[in-house]
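A.B. asks:
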Amino acid sequence: MRKLHYIFILTCLFLSFQGNAQEEMPLRAADTVKTIIDPNAPARAAFYSALVPGLGQAYNKKYWKIPIVYIGLGVGIYSYTWNQKKYQGFRSEYKKRLAGTSLGVNDTKYGDFTDDQLIRGQKFHQRNRDLSALITAGIYILNIIDANVDAHLMQFNVNDNL
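In the working numbering, the protein residues as written are 180 to 341.
(1) Is Pro232 near Val248, with beta carbons less than 7 Å apart?
(2) Going by other Cβ atoms of all chains shown within 10 Å of its Cβ, with 16 needed for buried, is Gly198 buried or exposed?
(3) Alpha carbon to alpha carbon, how far is Lys274 from Asn327?
(4) Exposed or buried, Ser271, counting other C-beta atoms within 10 Å across all chains shown (16 or more means buried)?
(5) What's the C-alpha gap between Gly317 and Gln267?
(6) Let me make sure I understand the geometry here. Which of Gln334, Asp325 and His331 has the alpha-carbon closest to that of Ile245?
(7) So, with DSSP's three-state summary, where would you put Pro232?
(8) Along the alpha helix (DSSP H) that carries Tyr266, what are the first and last residues, could you check?
(9) With a 10 Å radius around its C-beta and 16 neighbouring C-beta atoms as the bar for buried, classify Pro218 as buried or exposed.
(10) Just the C-alpha distance for Tyr242 and Gln236, rounded to the nearest angstrom, thanks.
(11) At the level of alpha carbons, what is the spacing between Gln334 and Leu313?
(12) Only counting the same chain, and skipping five residues up and downstream in sequence, which positions put a Cβ closer than 7 Å to that of Gln301?
(13) Here's the rule I'm using: 16 or more other beta-carbon atoms within 10 Å means buried, otherwise exposed. How should Ala225 be labelled?
(14) Tell me which residue opens and which closes the alpha helix (DSSP H) that Phe292 is part of.
The following block contains the structure:
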């Protein structure tokens, strides 16, 4: 008896799911939207962005991203030049001390530093300068990738009539 009960329940479930799968849904012409997909648009956006940073974002009409790109590049370039200037200062003072032409303690800028501190200062600013160059290059590459991906995503159909 229990076995028949399970068979009856399974049969009812099977028939109820089978009935829903057979329904037809009419398709109207107004439900579909024809859009022209330009396969060259992502490559063009990436090229524009590689040519002039932010131009690919302007091509994609995402104008709010342009200041972000320029702020990122500006901070990276500023950090690079600042660390380069500091590195050159430590390096020139160390070279003067090796040559014996330094003012030593009477020097107002580097007089309190020992030779070991000058070497560590050189290494510190050289490492930060190189890191700033890598980060700036990374921001530039992300600018190109963002323009390319954004142009690809603009071609997807995301209207309500999917």
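Ideal Cβ positions, reconstructed from N, Cα and C, are used throughout, including at glycine. Keep in mind that this is a model prediction, so the values were computed, not measured.
C.D. replies: Taking the definition as stated:
(1) Against the sequence shown, residue 232 aligns to sequence position 53. Against the sequence shown, residue 248 aligns to sequence position 69. In this structure, Pro232 places its C-beta atom within 7 Å of the C-beta atom of Val248.
(2) In the sequence shown, counting from the first residue as 1, residue 198 sits at position 19. In this predicted model, Gly198 has a pLDDT of only 48, less than 50, meaning its place in the structure is not dependable enough to derive any value.
(3) The count along the sequence shown starts at 1 and reaches residue 274 at position 95. The count along the sequence shown starts at 1 and reaches residue 327 at position 148. The straight-line gap separating the alpha-carbon atoms of Lys274 and Asn327 is approximately 48 Å.
(4) The count along the sequence shown starts at 1 and reaches residue 271 at position 92. Answer is exposed; the Cβ neighbour count stays below 16.
(5) Counted from its first residue, the sequence shown places residue 317 at position 138. Counted from its first residue, the sequence shown places residue 267 at position 88. The straight-line gap from Cα to Cα measures roughly 25 Å.
(6) Here the question's residue 245 lines up with position 66 in the sequence shown. Of the listed residues, the one whose Cα sits closest to Ile245 is Asp325.
(7) Reading the sequence shown from its first residue, position 53 is the one you call residue 232. Secondary structure of Pro232 (DSSP, three-state): coil.
(8) To locate residue 266, count along the sequence shown from 1; it is residue 87. Annotation: the continuous alpha helix (DSSP H) that includes Tyr266 extends over Ile245 to Ala278.
(9) Here residue 218 corresponds to residue number 39 of the sequence shown, with the count starting at 1. Looking at its Cβ environment, which holds fewer than 16 other Cβ atoms inside 10 Å, Pro218 is exposed.
(10) Taking the sequence shown and counting its residues from 1, the one referred to as residue 242 is at position 63. Taking the sequence shown and counting its residues from 1, the one referred to as residue 236 is at position 57. Approximately 6 Å between the Cα atoms of the pair.
(11) Indexing the sequence shown from 1 puts residue 334 at position 155. Indexing the sequence shown from 1 puts residue 313 at position 134. So the alpha carbons of these two residues sit roughly 32 Å apart.
(12) Here residue 301 refers to the residue found at position 122 when the sequence shown is read from its first residue. Residues of the same chain with a CB within less than 7 Å of the CB of Gln301, apart from the 5 flanking positions on each side, are Tyr266, Phe269, Arg270 and Tyr273 in chain order.
(13) Stepping through the sequence shown from its first residue, residue 225 is reached at position 46. Per the 10 Å Cβ criterion, buried.
(14) By one-based count along the sequence shown, residue 292 stands at place 113. Where Phe292 is concerned, there is no enclosing alpha helix (DSSP H), given that its DSSP letter is neither H nor E.
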